[in-house]
Amino acid sequence: MSEPSKAETAGVRDNSKASTPVALKQFYADMLLIRRFEEKAGQLYGMGLIGGFCHLYIGQEAVVVGMTAAKREGDQVITAYREHGHMLACGMDPKMVMSELTGRASGYSKGKGGSMHMFSAEKHFYGGHGIVGAQVPLGTGLAFANKYRGNDNVSITYFGDGAANQGQVYEAFNMAELWKLPVVYVIENNQYAMGTSVERSSAETHFYKRGSSFNIPGEQVDGMDAVAVHAAGQKAIAWCRAGNGPTILEMKTYRYRGHSMSDPAKYRSRDEVTAVREKRDPIEHLAQNLIAQKLASEDDLKAIDKETRAVVNAAAEYATASPEPDPAELYTDVLV
Amino acid sequence: MSIQILMPALSPTMEEGKLAKWLVKEGDEVHSGDILAEIETDKATMEFEAVDEGRIGKLLVAEGTEGVKVNQPIATLLGGDEKASPARPSPRSPLEGEPSSRSELGGGMAKAGPTPPPKAAKAASTLPQGDGVGELSDPEIPEGTEMVTMTVREALRDAMAEEMRRDDTVFLMGEEVAQYQGAYKVSQGLLEEFGARRVIDTPITEHGFAGLGVGAAFAGLRPIVEFMTWNFAMQAIDQIINSAGKTHYMSGGQMRAAIVFRGPNGPAARVGAQHSQDYSSWYSHVPGIKVIAPYFAADAKGLLKAAIRDPNPVIFLENEIAYGRSFPVPKLDDFVLPIGKARVVKPGRDVTLVAHSICVGLILEAAEKLAVEGIDAEIVDLRTLRPLDTATVIESVKKTNRLVTVEQGWPICSIGSEICSQVVEQAFDYLDAPPIKVTGKDVPMPYAANLEKLAIPHVEDVVAAVKVVCYRS
């Protein structure tokens with residue numbers, strides 16, 4: 060699926076490390092945690108326990124799990140509002156994430172951020188942003204700080220195919236390449252900007268080419284395959300860490316649910332969704348590989364599933380039992 | 380028959396300049412396009428070209444002369460064909476004419492025609508130059524402190540330089556801040572001292588570099604983001620408000636942006652609707668940010684240093700016309716003023732005049748006129764607009780029982796609207812007359828000199844408003 064990028068043909072990228080068997084099993088567990096967490100979030104939304112906008116990541120799990128495995132401590136992550144998966148992959152506590160979704164004091168933002176706005180300075184997760192495309196200059200600024208400080212950390216800046224048409228994305232691209240900033244732009248192309256397909260919204264639908272006017276190399280990756288994502292992520296991050304400037308990874312992926320919980324998704328057929336689920340599901344695909352390569356048994360995977368469900372159920376119980384923020388919190392944290 | 384060559388206005392707000400060097404001598408033949416002289420403004424040294432052809436008759440102003448007023452004759456040109464008309468507007472192309480684009484706002488190395496329309500730089504001429512008026516006491520400055528006179532521009536530059544010296548995480552980015560030395564020369568010398576790592580020229584991408592600055596601030600740096608003017612920051616307002624202003628709250632206090640956005644605000648002179656807007660009330664509306672709008676050089680310095688050290692996003696509204704005004708500044712190693720405190724610049728009994736930024740100069744001048752008529756005005760300089768120091772205003776109104784607010788912004792939902800509301804709410808019984816807001820008119824800024832003059836407040840407007848609240852009209 061991937062097409063060779065300028066960087067690849069130049070042979071500059073580090074392509075030495077591959078996914079190990081242990082890592083593959085972890086990929087499975089990490090993706091499953093996101094899947095089960097999001098299913099639970101959807102359920103709680105239906106029960107009125109989660110309000111407002113709630114954007115589920117179901118179907119896209121391989122992207123964030125593969126990329127996260129490719130980064131190291133100190134690398135920053137920033138994305139938009141479909142970020143529950145990114146936070147769980149970063150190692151943020153499912154109980155606190157779910158508590159934020161239910162608007163409780165025990166949430167990451169004390170209940171003041173909600174589904175779209177969570178942060179963890181400790182885990183280098185910089186949000187959680189609700190304005191389409193705004194996180195792209197912000198993530199570029201994280202990379203700027205790395206370069207300014209002279210460390211070799213890399214900013215991993217995620218955005219969607221919809222955000223890829225925002226003007227500020229290209230302003231950021233220009234400065235990132237001009238100043239050789241260490242940022243991997245991960246374009247999660249789930250093929251719909253809310254209800255508008257990429258064909259209906261984008262003159263150039265190959266998003267990995269979107270940096271070509273700025274000489275930013277790009278690569279298209281099968282975003283439904285965590286192993287492929289991991290390999291591409293390692294190369295891209297190594298490229299940035301070596302001081303070569305930014306790079307783009309276009310992840311071809313798919314979201315199974317609507318844009319948000321309130322989206323009936325009438326813009327695509329049920330058959331289309333079903334076909335992806337049956338043929339390209341990232342979790343099912345990896346499960347089959349693990350069994351085929353005898354890296355895990357059916358029982359092993361069942362045990363992981365059971366464990367995951369327990370974690371998610373505990374998070375949901377915690378998030379529904381925790382108190383709402385104290386009314387006095389209304390006026391705190393406005394200014395430092 | 381000879382024609383006069385006049386001192387040119389080389390920027391929208393220039394009123395005088397230095398004739399740095401003659402490049403022709405008496406008797407030289409000149410053709411249109413020949414460079415006659417180098418003229419130094421407070422922002423830049425510019426070359427001055429001949430428009431008409433002829434022979435230089437007399438050089439009327441010696442090179443090295445400072446303070447040469449715009450439109451003052453500086454040389455005579457003996458006509459070749461005698462057809463040259465005296466002192467007429469130069470036949471500049473629209474692109475080289477009156478400033479209408481950011482490249483000309485800076486007034487840098489661009490060549491300008493020699494003879495502007497007679498009133499080109501007069502829009503601000505009724506405003507005081509300020510020298511001397513800042514000597515009034517400030518409780519924040521220890522008694523006996525030595526004062527040095529400097530321009531607001533220099534005070535701002537010194538504030539940035541001092542903070543950059545003490546903290547390596549402070550850096551300056553913006554359009555033309557480095558190699559060009561600042562479109563308005565506020566960052567003069569900073570590139571030389573701090574290098575390209577910390578003084579960064581950006582592409583013309585306000586939305587992008589504002590967001591990049593906020594991201595760098597999330598990561599713990601302390602950016603100073605200069606907007607060439609605040610007019611262009613509307614491109615970036617989403618990043619200023621949604622990203623910088625709200626993240627601390629949305630993160631439950633986990634993440635913050637210690638960042639200063641600064642640049643000239645409000646109308647300059649003759650630059651039309653899109654380049655002449657006052658954003659004071661826009662930003663003051665928003666929780667999660669602080670807004671500072673000083674007038675005096677000391678306040679510019681002390682408050683900019685405070686803004687750079689503040690852990691919150693700070694909007695720092697400067698004023699192009701005030702950049703060149705000189706005021707005393709305390710000679711202290713580390714002069715930092717508290718944010719959020721207004722200052723009673725001049726005490727008075729009869730009426731409270733409240734303003735911020737350039738309009739402080741206006742109300743000071745109005746106070747002098749009113750004094751002649753026996754009205755003793757108290758002058759309150761807000762200095763900070765958010766948090767707004769309403770206590771100082773209310774205390775003053777309780778004494779004077781009358782209030783006039785003055786600003787260049789539009790009247791609806793203005794700073795004056797807020798002050799009047801607070802005063803009516805908290806000091807209604809003290810008022811002897813309904814408060815009056817003197818503001819910019821409720822129209823986009825017109826270009827024509829006469830219309831522009833009508834659109835912004837002047838001393839006479841303030842005097843007239845004071846007479847109404849004092850029942851003296």
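Protein sequence lines correspond, in order, to chains A and B. With my numbering applied, the first sequence covers 60 to 395. With my numbering applied, the second sequence covers 380 to 852. For each residue, glycine too, the CB sits at the ideal point set by N, CA and C.
Do we get a CB-CB distance below 8 Å when we pair residue i with the residues of chain A?
{"i": "B/L591", "result": "yes"}
{"i": "B/Q558", "result": "no"}
{"i": "B/T581", "result": "yes"}
{"i": "B/D413", "result": "no"}
{"i": "B/M634", "result": "yes"}
{"i": "B/G561", "result": "no"}
{"i": "B/H627", "result": "yes"}
{"i": "B/H654", "result": "no"}
{"i": "B/N610", "result": "no"}
{"i": "B/P324", "result": "Nothing about residue 324 of chain B can be read from this structure; chain B reaches only from 380 to 852."}
{"i": "B/D768", "result": "no"}
{"i": "B/V841", "result": "no"}
{"i": "B/D546", "result": "no"}
{"i": "B/L600", "result": "yes"}
{"i": "B/A685", "result": "no"}
Determine the contact status of residue i and residue j, defining contact as a CB-CB distance below 8 Å.
{"i": "B/A679", "j": "B/L535", "result": "yes"}
{"i": "B/L600", "j": "B/T548", "result": "yes"}
{"i": "B/T779", "j": "B/V730", "result": "yes"}
{"i": "B/V759", "j": "B/V723", "result": "yes"}
{"i": "B/A648", "j": "B/P391", "result": "yes"}
{"i": "A/G172", "j": "B/M629", "result": "yes"}
{"i": "A/E388", "j": "A/K169", "result": "yes"}
{"i": "A/G200", "j": "B/A598", "result": "yes"}
{"i": "A/M146", "j": "A/A285", "result": "no"}
{"i": "A/E258", "j": "A/T312", "result": "no"}
{"i": "B/V733", "j": "B/I798", "result": "yes"}
{"i": "B/T424", "j": "B/E432", "result": "no"}
{"i": "A/H114", "j": "A/R141", "result": "yes"}
Pick helix, strand or coil for residue i, following the three-state DSSP scheme.
{"i": "B/V403", "result": "coil"}
{"i": "A/D358", "result": "helix"}
{"i": "A/M106", "result": "coil"}
{"i": "B/V817", "result": "strand"}
{"i": "A/N248", "result": "strand"}
{"i": "A/S78", "result": "coil"}
{"i": "B/P391", "result": "coil"}
{"i": "B/D580", "result": "strand"}
{"i": "B/G740", "result": "helix"}
{"i": "A/M175", "result": "coil"}
{"i": "B/G485", "result": "Any reading at B/G485 needs caution, since the residue's pLDDT is 39, under 50, leaving its predicted position unreliable; the model's value is listed next. Coil at B/G485, not helix or strand."}
{"i": "B/P823", "result": "coil"}
{"i": "B/E519", "result": "coil"}
{"i": "B/I758", "result": "strand"}
{"i": "B/P766", "result": "coil"}
Return the CA-CA distance between residue i and residue j, expressed in angstroms with no decimal places.
{"i": "A/P153", "j": "A/Y377", "result": "10 Å"}
{"i": "A/E357", "j": "A/A223", "result": "40 Å"}
{"i": "B/G632", "j": "B/V593", "result": "16 Å"}
{"i": "A/M320", "j": "B/I718", "result": "44 Å"}
{"i": "B/Q653", "j": "A/P382", "result": "50 Å"}
{"i": "B/S566", "j": "B/K669", "result": "22 Å"}
{"i": "A/Y244", "j": "A/H265", "result": "14 Å"}
{"i": "B/T771", "j": "B/Y563", "result": "33 Å"}
{"i": "A/G254", "j": "A/A324", "result": "7 Å"}
{"i": "A/N233", "j": "B/Q801", "result": "46 Å"}
{"i": "A/I117", "j": "A/K361", "result": "20 Å"}
{"i": "B/Q787", "j": "B/D657", "result": "6 Å"}
Taking residue i and residue j to be in contact with their CB atoms under 8 Å, please state how far apart those CB atoms are, rounded to whole angstroms.
{"i": "B/F706", "j": "B/I671", "result": "B/F706 to B/I671, Cβ: 17 Å. No contact."}
{"i": "B/I794", "j": "B/T784", "result": "7 Å"}
For chain B, check one thing: does any of its Cβ atoms lie closer than 8 Å to the Cβ of residue i?
{"i": "A/P196", "result": "yes"}
{"i": "A/I296", "result": "no"}
{"i": "A/F218", "result": "no"}
{"i": "A/G277", "result": "no"}
{"i": "A/A351", "result": "no"}
{"i": "A/N233", "result": "yes"}
{"i": "A/Y460", "result": "Nothing in the structure corresponds to residue 460 of chain A, since chain A is present only between 60 and 395."}
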